[in-house]
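Student: Chains as they are written, first to last, in the working numbering: chain A, 1 to 138; chain B, 1 to 138.
Got a structure for you, questions after.
There are 2 protein chains.
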Amino acid sequence: MVNQQFTFAVHILTALAFAEETMDSQHLAASVNTNPVVIRRLLLGLRRAHLVETYTGKHGGTKLSKRPAQISLLEVYDAVQPRPVIAINERKALKQCRVSCNMREIMSGVAAGAEDAVRQHLRGITLQQLLRKVRRAA
Amino acid sequence: MVNQQFTFAVHILTALAFAEETMDSQHLAASVNTNPVVIRRLLLGLRRAHLVETYTGKHGGTKLSKRPAQISLLEVYDAVQPRPVIAINERKALKQCRVSCNMREIMSGVAAGAEDAVRQHLRGITLQQLLRKVRRAA
DNA sequence: CTAAGTGTAACGAACACAATTACAGATTAG
DNA sequence: CTAATCTGTAATTGTGTTCGTTACACTTAG
Chain A
1 MVNQQFTFAV HILTALAFAE ETMDSQHLAA SVNTNPVVIR RLLLGLRRAH LVETYTGKHG
61 GTKLSKRPAQ ISLLEVYDAV QPRPVIAINE RKALKQCRVS CNMREIMSGV AAGAEDAVRQ
121 HLRGITLQQL LRKVRRAA
Chain B
1 MVNQQFTFAV HILTALAFAE ETMDSQHLAA SVNTNPVVIR RLLLGLRRAH LVETYTGKHG
61 GTKLSKRPAQ ISLLEVYDAV QPRPVIAINE RKALKQCRVS CNMREIMSGV AAGAEDAVRQ
121 HLRGITLQQL LRKVRRAA
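Here it is as structure tokens:
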């Protein structure tokens with residue numbers, strides 16, 4: 001199974017931006033087509049990152065805590081803490097092999113660069129831009 | 001468990017570049033610290049991508065089919081066909097929700113951009129560069 | 001008080017990945 | 001020719017990840 005948390009999180013935030021009012025996890029779950037608990041688990045991370053505010057009790061729910069133009073997808077990415085883009089081999093090296101002994105550090109550099117490339121890309125996209133696409137669409 | 005095929009593949013190719021002669025899956029497996037069959041499965045993809053040549057029979061094994069300077073990590077990445085960097089939500093949308101109906105296309109764009117960013121990064125790294133790092137190291 | 005929310009733990013099912021076993025086929029040495 | 005040593009590949013298993021689901025305590029509005 002592929003990790004869809006980032007996609008789910010972006011969907012949630014876009015829905016909140018579009019609604020312009022608080023939504024409960026039931027409705028958010030319907031939009032994403034998943035379970036309310038899955039939504040609430042994601043909201044935990046988004047709340048920690050100060051992207052949303054949640055309210056308990058009757059008429060509770062969630063709303064954005066910043067304007068869509070102030071939220072970049074990089075913040076969302078960091079909030080959900082996805083697995084690294086490139087996984088490095090963590091097992092121990094074969095001592096008598098020079099390649100084996102150096103691969104971990106070498107691949108760490110490659111992986112860090114890849115991670116950075118993704119982050120730079122996401123940094124340039126705001127929730128506002130996605131919202132506009134929804135509004136422009138049919 | 002994280003998909004390490006790309007890392008394994010880079011390791012294999014670096015080892016072959018370093019050895020400058022054919023190696024069998026037994027030795028490659030020892031360097032990566034895994035099973036020979038895992039190596040042979042990966043070699044299948046690398047062979048399809050014309051990065052290595054394999055020989056069956058006694059004294060068989062694998063060697064690079066290009067010079068290290070001619071092999072970029074992007075070719076390796078494509079050869080192993082890893083999962084996409086960002087997984088999009090494939091389940092069907094909620095018809096009465098405009099956000100839900102447009103998220104798939106919107107996220108496809110975001111995911112494609114992220115994928116492209118990673119590919120650009122990998123395109124700039126050659127096996128020769130990694131090989132030099134191994135040689136420079138202690 | 002009651003209804004309608006969230007927060008969170010616990011468990012299960014489906015899936016992905018790697019490890020492993022097994023064996024057929026290819027090639028070389030003798 | 002035969003034995004030894006490789007690869008190619010299918011099948012199975014073990015383990016971890018992810019998501020879905022149920023359950024229930026807690027919170028708040030009315």
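In this text, a Cβ means the ideal position worked out from N, Cα and C, and glycines have one as well.
#1: Grouping DSSP H, G and I as helix and E and B as strand, with all else coil, what is S72 of chain A?
#2: Helix, strand or coil: which one does DSSP assign to K63 of chain A?
#3: Which residues in chain A sit within 9 Å of A69 of chain B, going by Cβ to Cβ distance?
#4: Does DSSP put E53 of chain B in a helix, in a strand, or in coil?
#5: Going by DSSP, which residues form a beta bridge with M23 of chain B?
#6: Please work out which residues of its chain come closer than 8 Å, Cβ to Cβ, to V85 of chain A, disregarding the five sequence neighbours upstream and downstream, and give them in chain order.
#7: Where does Y77 of chain A land, buried or exposed, given buried means 16+ other C-beta within 10 angstroms?
#8: Among A:I88, A:S108, A:Q70, which one has its Cα closest to the Cα of G124 of chain A?
#9: List, in chain order, every chain B residue whose beta-carbon is nearer than 8 Å to that of A49 of chain A.
#10: Applying the criterion that 16 or more other CB atoms from any shown protein chain within 10 Å of the CB defines a buried residue, is S108 of chain B buried or exposed?
#11: How long is the line joining the alpha carbons of S72 of chain B and L127 of chain B, rounded to whole angstroms?
#12: Using the C-alpha atoms, what's the distance from A79 of chain B back to G45 of chain B?
#13: On a CA-only basis, which of A:A17, A:P82, A:V32, A:T62 is nearest K133 of chain A? Give me that one, please.
#14: Can you pull the chain B residues whose beta carbon is under 7 Å from the beta carbon of N3 of chain A, in chain order?
#15: Leaving aside the five residues before and after S25 of chain A along the sequence, list all residues of the same chain whose C-beta is less than 6 Å from its C-beta, in chain order.
#16: In the DSSP assignment, what residue or residues form a beta bridge with T7 of chain A?
#17: From E105 of chain A to Y55 of chain A, what distance separates their C-alpha atoms?
#18: For H11 of chain A, count the other beta carbons within 10 Å of its own beta carbon; 16 or more makes it buried, fewer makes it exposed. Which is it?
#19: With respect to the alpha helix (DSSP H) encompassing N35 of chain B, which residues constitute its N-terminal and C-terminal limits?
#20: When you compare only the Cα positions, how much space is there between L74 of chain B and F6 of chain B?
#21: If you draw a straight line from the alpha carbon of A87 of chain B to that of K58 of chain B, how long is it in whole angstroms?
#22: Please report how far the alpha carbon of L64 of chain B lies from the alpha carbon of N102 of chain A, in whole angstroms.
#23: Does the beta carbon of A117 of chain B sit closer than 8 Å to a beta carbon anywhere in chain A?
#24: Quick check: A15 of chain A and L28 of chain A, are their CB atoms within less than 8 Å of each other?
#25: In the DSSP assignment, find the alpha helix (DSSP H) that holds N102 of chain B and state where it starts and stops.
Tutor: On the basis of the supplied data:
#1: strand
#2: strand
#3: The contacting residues do not exist; A69 of chain B stays about 16 Å from chain A at best.
#4: strand
#5: B:T62
#6: A111, A114, E115, V118
#7: buried
#8: A:Q70
#9: Simply none; closest approach about 18 Å.
#10: exposed
#11: 6 Å
#12: 6 Å
#13: A:A17
#14: A87
#15: P36, I39, R40
#16: Paired residue(s): none; T7 of chain A is not in a bridge.
#17: 45 Å
#18: buried
#19: That residue, N35 of chain B, is in no alpha helix (DSSP H); it is neither H nor E in DSSP.
#20: 10 Å
#21: 44 Å
#22: 20 Å
#23: yes
#24: yes
#25: 98-123
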